[in-house]
Amino acid sequence: MYRKRDPQSLLFETSNLLPAEKRVRLERTWAEVYREQALRLVKEEPFAPLFDPSNGRPNAPVQVVVSVLILKEMFDLTDDEALEQLEFSLLWQHALRLTPEDAHLCQKTLHNFRARLIEHDGARRAFEEVTNGILETLGTRLNRQRLDSTHILSNFAVLTRLGLFCETLRVALAALRGAHPKLFARVPQALRERYLRGDGTETRYRDAKSDKARRRLEVCARDVYRVLLICRGKSAAKLEEIVQLQRLFDDQCEVVEDGREPGDDDDDAGQGSAPVAVKEPKQISSASLQTPHDPDATYSGHKGKGYEVQIAETCHVDNAVEIITHVDVTPSCGSDAAATLPVLEDLARRDLQPEELVADTSYGSAKNAVEAAKLGTELVSPVGGAAAADVVVDPSPARPLTPGDFKVDARLETPAVCPAGQEATSQLPATRGANKVELRFDVQKCATCPLASRCPVKVSGGDAVLRVDLERANLEQRRRAEARGELRPRYGIRAGIEATNSELKRRHGLGKLRVRGLARVKLAVYFKALACNVKRMLQALLGQSTQPALAVA
Numbered sequence: 006m007y008r009k010r011d012p013q014s015l016l017f018e019t020s021n022l023l024p025a026e027k028r029v030r031l032e033r034t035w036a037e038v039y040r041e042q043a044l045r046l047v048k049e050e051p052f053a054p055l056f057d058p059s060n061g062r063p064n065a066p067v068q069v070v071v072s073v074l075i076l077k078e079m080f081d082l083t084d085d086e087a088l089e090q091l092e093f094s095l096l097w098q099h100a101l102r103l104t105p106e107d108a109h110l111c112q113k114t115l116h117n118f119r120a121r122l123i124e125h126d127g128a129r130r131a132f133e134e135v136t137n138g139i140l141e142t143l144g145t146r147l148n149r150q151r152l153d154s155t156h157i158l159s160n161f162a163v164l165t166r167l168g169l170f171c172e173t174l175r176v177a178l179a180a181l182r183g184a185h186p187k188l189f190a191r192v193p194q195a196l197r198e199r200y201l202r203g204d205g206t207e208t209r210y211r212d213a214k215s216d217k218a219r220r221r222l223e224v225c226a227r228d229v230y231r232v233l234l235i236c237r238g239k240s241a242a243k244l245e246e247i248v249q250l251q252r253l254f255d256d257q258c259e260v261v262e263d264g265r266e267p268g269d270d271d272d273d274a275g276q277g278s279a280p281v282a283v284k285e286p287k288q289i290s291s292a293s294l295q296t297p298h299d300p301d302a303t304y305s306g307h308k309g310k311g312y313e314v315q316i317a318e319t320c321h322v323d324n325a326v327e328i329i330t331h332v333d334v335t336p337s338c339g340s341d342a343a344a345t346l347p348v349l350e351d352l353a354r355r356d357l358q359p360e361e362l363v364a365d366t367s368y369g370s371a372k373n374a375v376e377a378a379k380l381g382t383e384l385v386s387p388v389g390g391a392a393a394a395d396v397v398v399d400p401s402p403a404r405p406l407t408p409g410d411f412k413v414d415a416r417l418e419t420p421a422v423c424p425a426g427q428e429a430t431s432q433l434p435a436t437r438g439a440n441k442v443e444l445r446f447d448v449q450k451c452a453t454c455p456l457a458s459r460c461p462v463k464v465s466g467g468d469a470v471l472r473v474d475l476e477r478a479n480l481e482q483r484r485r486a487e488a489r490g491e492l493r494p495r496y497g498i499r500a501g502i503e504a505t506n507s508e509l510k511r512r513h514g515l516g517k518l519r520v521r522g523l524a525r526v527k528l529a530v531y532f533k534a535l536a537c538n539v540k541r542m543l544q545a546l547l548g549q550s551t552q553p554a555l556a557v558a
């Protein structure tokens with residue numbers, strides 16, 4: 006049952022019993038700033054829907070539980086370590102406005118609250134609500150932000166291809182033994198013993214030298230087929246572990262007409278042929294199963310197995326500290342280019358949209374730049390890829406003009422302007438093709454224009470008409486800006502976000518999480534980013550930029 010925390014000050018807080026000298030020292034620590042500035046930002050009302058309004062035991066104070074989750078990630082602690090700090094640390098109790106008697110949470114309370122957060126998308130809400138309060142408290146300027154991604158791992162072992170087959174088979178066989186023992190008994194004993202010991206642990210079948218690994222991989226592929234054949238059409242086929250086994254088969258194997266009979270020296274000799282062949286590595290999708298323990302993890306040829314985290318933060322010289330404004334988890338196999346617009350749309354939804362977004366080449370496609378402009382943001386990014394190579398930059402002042410020389414508002418809210426300064430009399434989206442605009446100018450002014458001989462505008466039906474491909478025009482403009490050296494001073498600030506990536510990984514444990522599964526990974530990422538923001542606010546308000554004053558007491 007939801008119960009709001011009583012705001013009344015407590016008479017018997019430990020801090021009230023301290024000598025005056027120690028009390029003064031306590032008020033100079035991070036705990037005092039958290040108590041006075043951060044605690045009030047954790048609003049309880051948004052979390053009320055997580056609880057039954059009338060039934061059940063009254064909840065632990067939401068403000069305390071959320072704060073424990075924030076401080077846990079701020080100091081990169083385990084659950085047990087965080088709960089121990091809550092029980093015995095004077096700093097934590099002072100920060101959360103607790104008496105020693107009230108400074109207690111059980112592990113189950115923390116677990117259940119996180120489960121509710123996952124179910125109701127509460128971690129994202131907590132990040133947004135508290136971050137908005139931090140931005141307001143610090144008066145952070147938002148008009149310039151930067152965007153980058155970083156690769157993370159959830160709590161799973163990185164497996165070889167043979168190891169992936171063996172572990173997925175072990176997990177599937179263990180689940181089959183527990184849920185459908187009669188069906189499990191139909192699996193040949195030799196097959197079972199290759200992957201599963203009697204106590205449920207793994208065998209060492211995956212530990213093969215390179216010259217034997219390929220043969221064992223083929224044996225595993227046939228074994229996967231045999232297990233799936235036994236489960237086909239049965240309720241066992243709906244077991245999550247068997248579903249993952251089917252996914253492994255679809256990802257890594259293909260059915261062939263003539264299955265090879267196992268040789269006498271194969272480990273599955275005498276168990277019959279199976280119409281299965283192992284795919285070549287190049288045939289396997291990067292979205293394929295990487296581990297049965299975290300089916301949401303995918304693969305990137307550049308960064309490896311795991312997830313990507315998209316991070317946007319402020320980057321203005323007037324800010325005391327920079328604050329993370331957006332964070333999200335995306336597949337490792339995905340492209341950063343696909344993340345640009347969702348980031349901007351999310352920032353716009355929260356009224357945090359920047360005038361400039363600085364990002365690296367992978368985010369800066371022409372399409373993204375045009376779509377960002379439609380949202381009111383200039384995407385500052387180098388031009389790369391084959392499309393950029395098609396743009397020829399002619400530095401000559403007498404060169405023929407192109408649509409890239411015209412100033413066109415992607416939102417069509419202000420009139421387009423030609424290089425001679427003439428405004429378009431009309432501008433409409435072209436009838437064919439996305440991000441294409443048809444401009445019309447006063448034909449009489451065009452006839453007497455000194456740039457007429459170089460202008461791409463054509464007279465058609467008594468009008469001077471120019472059809473502009475906004476994406477190509479954007480490429481031309483950005484390429485010319487690069488050639489003139491205008492991009493470098495604007496783009497240089499992007500490198501600062503690498504320090505944020507490093508800070509999140511080294512100080513807050515983002516690089517290797519203690520959880521697995523997309524839902525839990527997202528929750529951990531939101532709270533780690535929020536903890537980083539809270540820490541930066543505390544440092545700014547304490548007038549310092551070093552970590553020691555935030556050390557756990």
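In the working numbering, the protein residues as written are 6 to 558.
Just so it is clear, CB atoms sit at the ideal spot from N, CA and C, and this is done for glycine as well.
Could you have a look at residue i and say whether DSSP puts it in helix, strand or coil?
| i | result |
| --- | --- |
| residue 517 | strand |
| residue 550 | Because the pLDDT at residue 550 is just 41, under 50, the model does not fix this residue reliably, and the point stays unresolved. |
| residue 558 | Because residue 558 sits at a pLDDT of 39, beneath the cut-off of 50, its placement in the model cannot be relied upon, and the point is left open. |
| residue 418 | coil |
| residue 336 | strand |
| residue 309 | strand |
| residue 52 | helix |
| residue 237 | coil |
| residue 210 | coil |
| residue 489 | coil |
| residue 537 | helix |
| residue 452 | helix |
| residue 441 | strand |
| residue 157 | strand |
| residue 20 | helix |
| residue 188 | helix |
| residue 111 | coil |
| residue 80 | coil |
| residue 319 | strand |
| residue 171 | helix |
| residue 25 | helix |
| residue 151 | strand |
| residue 125 | coil |
| residue 329 | strand |
| residue 423 | coil |
Between which residues of its own chain and residue i is the CB-CB distance below 7 Å, once the five residues before and five after are set aside?
| i | result |
| --- | --- |
| residue 527 | 128, 334 |
| residue 376 | 346 |
| residue 119 | 528 |
| residue 266 | 278 |
Closest by CA to residue i, which one among the options?
| i | options | result |
| --- | --- | --- |
| residue 322 | 497, 185, 403, 276 | 497 |
| residue 487 | 359, 370, 388, 205 | 388 |
| residue 351 | 10, 320, 316 | 316 |
| residue 320 | 150, 408, 441 | 150 |
| residue 499 | 437, 442, 327 | 327 |
| residue 39 | 359, 463, 68, 514 | 68 |
| residue 423 | 370, 249, 471 | 471 |
| residue 210 | 173, 130, 233 | 173 |
| residue 363 | 485, 502, 523, 242 | 502 |
| residue 386 | 492, 301, 52 | 492 |
Residues in the same chain with beta-carbon distance under 6 Å from residue i, minus the five sequence neighbours each way, listed in chain order, please.
| i | result |
| --- | --- |
| residue 553 | Legend: pLDDT at residue 553 = 44, less than 50; position of this residue unreliable, no value from coordinates given. |
| residue 158 | 311, 517 |
| residue 510 | 516 |
| residue 272 | 224 |
Excluding the 5 residues preceding and the 5 following residue i in the sequence, name in chain order all residues of the same chain whose CB lies nearer than 8 Å to its CB.
| i | result |
| --- | --- |
| residue 280 | 230, 260, 261, 262, 263, 264 |
| residue 148 | 321, 359, 360, 361 |
| residue 110 | 65, 69, 70, 73, 88, 91 |
| residue 81 | 512, 513, 514 |
| residue 19 | 95, 98, 99, 104, 105 |
| residue 482 | 409 |
| residue 545 | 143, 325, 326 |
Could you tell me how far apart the beta carbons of residue i and residue j are, in whole angstroms, since I believe they sit closer than 8 Å?
| i | j | result |
| --- | --- | --- |
| residue 461 | residue 408 | 6 Å |
| residue 152 | residue 178 | Actually they are not in contact, since the Cβ atoms of residue 152 and residue 178 sit about 45 Å apart, beyond 8 Å. |
| residue 304 | residue 337 | 6 Å |
| residue 473 | residue 332 | Actually they are not in contact, since the Cβ atoms of residue 473 and residue 332 sit about 36 Å apart, beyond 8 Å. |
| residue 440 | residue 476 | 5 Å |
Can you check whether the C-beta of residue i is within less than 8 Å of a C-beta belonging to chain B?
| i | result |
| --- | --- |
| residue 545 | The chain inventory of the structure shown lacks chain B, comprising one protein chain alone. |
Validate contact between the segment 535-551 and the segment 127-140 using beta carbons, cut 8 Å, 3 pairs: yes
Any 3 or more C-beta pairs closer than 8 Å across the segment 415-423 and the segment 433-452: Enough Cβ pairs lie closer than 8 Å, so yes.
How do the segment 282-298 and the segment 166-174 stand: do at least 3 beta-carbon pairs fall below 8 Å, yes or no? yes
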